[in-house]
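Have a look at the structure below before the remarks.
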Amino acid sequence: MVVVFFLQVLNEKKLQEVDSLWKEFETPEKANKIVKLKHFEKFQDTTEALAASTALVEGKLSKNLKKILKKIVAKDAHEQLAVADAKLGGVIKEKLNLSCIHSPMVTELMRGIRSQIEGLITGLPSREMAAMCLGLAHSLSRYKLKFSPDKVDTMIIQAISLLDDLDKELNNYIMRCREWYGWHFPELGKIITDNLTYCKCVRKVGDRSNFASSDVSDILPEEIEEDVKAAAEISMGTEVSEEDINNIIHLCDQVIEISEYRTQLYDYLKNRMMAIAPNLTVMVGELVGARLIAHAGSLLNLAKHPASTVQLLGAEKALFRALKTKRDTPKFGLIYHASLVGQSNTKNKGKISRMLAAKTALTIRYDALGENTSAEMGAENRLKVETRLRLLEERGIRRISGTGKALAKADKYQNKSEVKVFDPSGDSTLPVVSKKRKIQEVDEQDTEVAVKAKKFKAEMK
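FYI, in the UniProt record's numbering the residues of the sequence shown are 1 to 461.
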């Protein structure tokens with residue numbers, strides 16, 4: 001049994017003292033002196049009560065509540081209706097033209113009524129009241145979980161996480177398959193570079209001796225097929241048993257099945273992203289957009305982040321490491337994998353990532369909080385970023401002058417060439433003597449020169 005009831009205030013003077021209003025609801029007797037039961041209405045079943053409760057939570061006026069208000073409050077139209085939700089009060093005032101009040105006094109009054117609800121409504125056992133509240137609470141929680149908009153975000157988060165896990169497993173399986181079959185036919189890995197084609201070819205042929213009689217034209221082009229058959233005849237690989245080949249073929253089956261499922265999962269993720277966040281998908285792509293949502297937890301949480309945070313999502317460790325060591329902070333996180341950032345050169349990646357993050361933050365908020373589901377806004381912002389990227393690549397950065405916008409003029413380049421002459425002193429192999437000499441060394445050299453001069457004069461005589 002679920003009920004709805006209305007209470008009338010008896011003593012309005014005591015309601016003015018908000019801070020001490022709780023004292024008037026300490027006992028059921030005191031509470032009955034403040035308010036009394038005005039009307040009591042029972043719902044037909046839990047479904048009807050759930051619909052009314054859901055409408056109240058969302059701030060809407062249900063049909064049952066509208067009928068009751070017309071019957072009861074119309075008699076006392078001159079009095080005010082106390083409501084706990086200001087949004088609901090606005091709806092009642094707009095549709096029924098009733099005066100509603102919502103204030104801290106009303107909040108304290110509602111709190112007091114809830115504390116003494118069993119004494120204010122007579123004839124309703126406390127056990128049934130508890131069971132009624134518990135059943136309605138469970139139904140309301142189940143309804144919220146069933147129709148929660150965050151649940152769609154959960155699907156995107158799970159899909160992108162599974163996609164990353166599949167990529168890791170595929171890489172491990174393919175690496176193991178190439179290494180395993182490479183012992184038998186090592187030349188095949190160099191000829192066929194595509195992993196999926198490699199596994200399909202191994203699964204269809206098996207032993208390398210079967211390549212000469214097998215037709216793999218549906219898998220390989222004609223030129224590559226001829227190279228494979230020629231390599232199979234002169235292969236240096238070891239011989240393996242049929243059981244080994246069967247196990248390798250089973251591994252190839254797993255790789256092909258996972259690859260097909262990954263393609264299907266990618267299409268599912270793409271459709272989900274276009275339905276939930278079309279503008280974000282147009283800006284950065286479905287994979288980067290899904291990773292941003294998964295990193296933030298939900299689309300609504302991502303919409304609360306500023307553009308500077310969106311730019312660095314996924315690079316938190318590098319950011320805090322740079323702040324700790326007082327080095328340059330990173331310029332991009334997950335947004336680095338967007339196609340617009342990949343198109344720019346290394347010099348402009350920081351500028352483009354900053355502008356792309358700003359526009360992406362706008363599109364995220366538009367998708368999360370807007371009612372329009374078109375992707376026009378995302379396409380317009382992407383066009384702006386592409387135009388900016390083109391200007392940066394062409395070095396056509398505009399500046400504001402007194403007469404308007406004009407292209408920045410660069411100085412004319414002049415080639416200044418200098419003629420360098422060969423220095424022959426560099427070819428000398430003699431030890432280099434220091435130019436600065438001590439005073440004693442100079443005096444000794446002068447003395448030696450004087451002695452040699454005297455000897456020379458004596459010999460000449």
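Ideal placement from N, C-alpha and C gives every residue a C-beta, glycine not left out.
Going by DSSP in three states, Ala290 sits in which element: helix, strand or coil? Ala290: helix per DSSP, three-state reduction.
Unbroken alpha helix (DSSP H) run spanning His184, endpoints: Counting along the chain, no alpha helix (DSSP H) covers His184, and no H or E run does either.
Is Phe332 buried or exposed, if buried means 16 or more other CB atoms sit within 10 Å of its CB? By the neighbour-count rule (16 or more Cβ atoms within 10 Å), Phe332 is buried.
In whole angstroms, what is the alpha-carbon distance linking Ala361 and Met377? If you take the alpha carbons of Ala361 and Met377, they lie about 12 Å apart.
Could you check whether the segment 52-71 touches the segment 92-112, counting it as contact only if at least three pairs of C-beta atoms, one from each stretch, sit closer than 8 Å? Under the 8 Å Cβ criterion, the segment 52-71 counts as touching the segment 92-112, having at least three qualifying pairs.
With respect to the beta strand (DSSP E) encompassing Leu37, which residues constitute its N-terminal and C-terminal limits? 35-42 is the span of the beta strand (DSSP E), which, as asked, contains Leu37.
Exposure of Glu233, with buried meaning 16 or more beta-carbon neighbours within 10 Å: Flag for Glu233 reads exposed.
Does the segment 175-186 come close enough to the segment 201-215 to have 3 or more Cβ pairs within less than 8 Å? Contact holds: three or more Cβ-Cβ distances are below 8 Å.
Should Tyr366 be labelled buried (16 or more other beta-carbon atoms within 10 Å of its own) or exposed? With 16 or more neighbouring CB atoms inside 10 Å of its own CB, Tyr366 falls in the buried class.
Between the CA atoms of Leu196 and Glu239 - distance to the nearest angstrom: Glu239 and Leu196 have their C-alpha atoms roughly 24 Å apart.
With a threshold of 16 other CB atoms inside 10 Å of the CB of Asp153, please say whether the residue is buried or exposed. Within a 10 Å sphere around the beta-carbon of Asp153 sit 16 or more other beta-carbons, which makes this residue buried.
Going by beta carbon distance, what residues of the same chain come within less than 7 Å of Ile245, once the five residues before and after it are set aside? Counting only Cβ-Cβ distances below 7 Å, and skipping sequence neighbours, we find Gly206, Asp207.
contact_flag[the segment 329-347, the segment 276-292] where n(CB pairs < 8 Å) is 3 or more: Result yes; three or more Cβ-Cβ pairs closer than 8 Å.
Grouping DSSP H, G and I as helix and E and B as strand, with all else coil, what is Ile234? It is coil, neither helix nor strand.
Suppose contacts are defined by Cβ-Cβ distances below 7 Å. Is Leu140 in contact with Ser53 by that definition? In this structure, the beta-carbon distance from Leu140 to Ser53 falls below 7 Å.
Just reading off the alpha helix (DSSP H) that Tyr198 is part of, what are its end residues? Here the alpha helix (DSSP H) through Tyr198 covers 195-205.
Tell me, please, which residues DSSP counts as bridged to Cys100. Answer is Leu81, bridged to Cys100.
Take Glu79 as the anchor and find which of Leu98, Ala86, Lys70, Ala131 has the nearest alpha-carbon. That would be Leu98, whose Cα lies nearest to the Cα of Glu79.
Run through DSSP, which three-state label would Ala353 get? Note that residue 353 is Ser in the sequence shown, not Ala. Collapsing the DSSP output to three states places Ser353 in a helix.
Please report the distance separating the alpha-carbon of Leu134 from that of Val310. For Leu134 and Val310, the gap between their C-alpha atoms comes out near 41 Å.
Please classify His184: is it buried, with 16 or more other beta-carbons within 10 angstroms of its beta-carbon, or exposed? It counts as buried.
On the DSSP letters alone, give me the boundaries of the alpha helix (DSSP H) that Ala303 sits inside. In the DSSP annotation of this structure, the continuous segment of the alpha helix (DSSP H) that includes Ala303 starts and ends at 299-303.
Looking at the structure shown, is Gln311 part of a helix, part of a strand, or coil, going by DSSP? Looking at Gln311 - three-state DSSP - the assignment turns out to be helix.
Could you give the distance in angstroms between the alpha-carbon of Arg111 and the alpha-carbon of Leu302? Straight-line Cα distance between these residues: approximately 35 Å.
For Leu383, the nearest candidate out of Ser213, Tyr181, Leu340, Ile117 (CA to CA): When only C-alpha atoms are compared, the closest one is Leu340.
Report the residue from Glu29, Ala159, Ala49 whose alpha carbon sits nearest the alpha carbon of Ser115. When only C-alpha atoms are compared, the closest one is Glu29.
Is Glu394 helix, strand or coil by DSSP? Glu394 falls in the coil class under three-state DSSP.
CB Asp85 to CB Gly59, shorter than 7 Å? In this structure, Asp85 lies near Gly59, with their beta-carbon atoms less than 7 Å apart.
Helix, strand or coil for Gln116 per DSSP? The three-state reading of DSSP puts Gln116 in coil, since its state is none of H, G, I, E or B.
Give the secondary structure of Asn246 by DSSP, where H, G and I count as helix, E and B as strand, and everything else as coil. DSSP places Asn246 in helix when its eight states are reduced to three.
Exposure of Tyr261, with buried meaning 16 or more beta-carbon neighbours within 10 Å: Looking at its Cβ environment, which holds fewer than 16 other Cβ atoms inside 10 Å, Tyr261 is exposed.
Candidates Leu170, Val35, Leu50, of which the one nearest Val106 by Cα: The shortest C-alpha to C-alpha distance from Val106 to any of Leu170, Val35, Leu50 is the one to Val35.
Which of the three DSSP states, helix, strand or coil, is assigned to Asn381? It is helical.
Which whole-angstrom value describes the C-beta separation of Lys359 and Met283, a residue pair presumed to lie in contact below a C-beta threshold of 8 Å? With a beta-carbon spacing of about 6 Å, Lys359 and Met283 fall inside the 8 Å limit used to define contacts.
State the start and end residues of the unbroken alpha helix (DSSP H) segment that holds Val340. The sequence as given places Leu at residue 340; Val does not occur at that position. Per DSSP, the unbroken alpha helix (DSSP H) holding Leu340 starts and ends at 339-343.
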